[in-house]
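Residue numbers (our numbering): 89 to 383.
All C-beta atoms, glycine included, are put in the ideal place defined by N, C-alpha and C.
A short write-up of the structure that comes next.
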Ligand SMILES: [Zn+2]
Ligand SMILES: [Zn+2]
């Protein structure tokens with residue numbers, strides 16, 4: 089059985105210098121973005137005019153664009169949580185076939201992720217949690233490395249053929265999504281510009297960094313490092329004590345509850361814990377499009 093090593097990953101947390109460098113680069117990117125938005129050079133104005141005159145809704149109030157972006161990223165998060173995580177990885181929910189196809193397509197457009205890669209990495213995380221074989225343990229790699237380089241750690245495992253064969257059993261290999269994964273975000277980019285004009289570009293940027301930020305960074309990093317524990321699991325998993333994070337992550341922030349009972353479709357267990365994903369799956373079950381395993 090062949091093992092493909094695509095990149096090497098370092099273990100151990102980032103040094104203070106490395107953290108400052110990352111914050112510096114991010115700050116510089118943000119500052120240049122604000123600068124170009126406030127004082128666009130002539131060439132940028134011509135591009136903006138060209139794009140906006142061809143767009144469908146280029147003159148909506150700014151709140152509409154913010155709202156649409158939030159809805160987009162929320163649907164993406166729900167698809168990750170419900171389809172990739174609860175359904176495909178753990179089998180705690182089953183969806184009507186066409187609902188599954190739609191979620192898989194949405195994830196391709198907004199995350200470029202192929203189902204088998206995500207499932208294999210996550211199953212390996214559960215099987216090897218907090219060991220040097222865990223793809224993204226902050227206990228092994230340090231929370232800053234997982235927070236900022238979570239996507240790199242994910243890619244390291246997701247493009248390892250050995251990992252896919254061992255942990256991706258039973259998951260369909262959709263060659264189109266595997267071969268043309270990056271075409272999805274390109275389609276999203278073109279669609280955004282066509283629908284919303286030049287403002288579609290920052291909307292697209294938010295859509296693209298959302299899952300690397302909230303799944304790879306917040307859940308894989310903070311979810312094994314900061315927060316409270318309801319259950320004494322043999323890992324360092326935590327529930328993040330924030331209702332906002334619970335809403336933004338569709339319930340995935342109750343990570344200790346999930347590690348304790350991996351086969352439950354419901355992640356909240358105590359009063360005050362919010363799991364929107366559970367409500368969505370119940371709603372889909374109510375209209376006959378999903379079936380939840382007993383909690
Ligand atoms: Zn975990
Ligand atoms: Zn899981």
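Member of the options whose CA lies at the smallest distance from the CA of residue i
{"i": "residue 269", "options": "171, 326 and 206", "result": "206"}
{"i": "residue 162", "options": "338, 288 and 250", "result": "338"}
{"i": "residue 362", "options": "309, 373 and 336", "result": "336"}
{"i": "residue 99", "options": "301, 169 and 220", "result": "220"}
{"i": "residue 231", "options": "273, 305 and 179", "result": "305"}
{"i": "residue 351", "options": "256, 175, 119 and 141", "result": "175"}
{"i": "residue 311", "options": "333, 370, 287 and 160", "result": "333"}
Unbroken beta strand (DSSP E) run spanning residue i, endpoints
{"i": "residue 182", "result": "181-183"}
{"i": "residue 380", "result": "378-380"}
Cβ neighbour criterion (16 or more within 10 Å) applied to residue i
{"i": "residue 151", "result": "exposed"}
{"i": "residue 280", "result": "buried"}
{"i": "residue 133", "result": "exposed"}
{"i": "residue 297", "result": "exposed"}
{"i": "residue 379", "result": "exposed"}
{"i": "residue 319", "result": "exposed"}
{"i": "residue 109", "result": "exposed"}
Own chain residues within Cβ distance below 7 Å of residue i, not counting five before or after
{"i": "residue 199", "result": "164 and 299"}
{"i": "residue 97", "result": "240, 241 and 244"}
{"i": "residue 178", "result": "350 and 351"}
Same chain, Cβ closer than 6 Å to residue i, five either side skipped, listed in chain order
{"i": "residue 191", "result": "167 and 171"}
{"i": "residue 261", "result": "204"}
{"i": "residue 184", "result": "377"}
Range covered by the alpha helix (DSSP H) that runs through residue i
{"i": "residue 203", "result": "203-215"}
{"i": "residue 269", "result": "Unbroken run through residue 269: none, as it is neither H nor E."}
{"i": "residue 238", "result": "231-246"}
{"i": "residue 336", "result": "331-336"}
Other residues of its chain near residue i: CB distance less than 8 Å, five sequence neighbours each side excluded
{"i": "residue 94", "result": "Here the model assigns residue 94 a pLDDT of 49, short of 50, so the residue's position is not dependable, and the following value carries that caveat. Closer than 8 Å at Cβ, skipping near neighbours: 243, 244, 247 and 248."}
{"i": "residue 91", "result": "Any reading at residue 91 needs caution, since the residue's pLDDT is 47, under 50, leaving its predicted position unreliable; the model's value is listed next. Only 248, 249 and 250 meet the Cβ criterion."}
Please give the ranges of any beta strand (DSSP E) in the stretch 113-176, keeping only runs that are unbroken, at least 3 residues long and fully inside the region. none
Output the residue ranges of the beta strand (DSSP E) runs that lie fully inside the stretch 340-378 and measure 3 residues or longer, sorted by chain position. none
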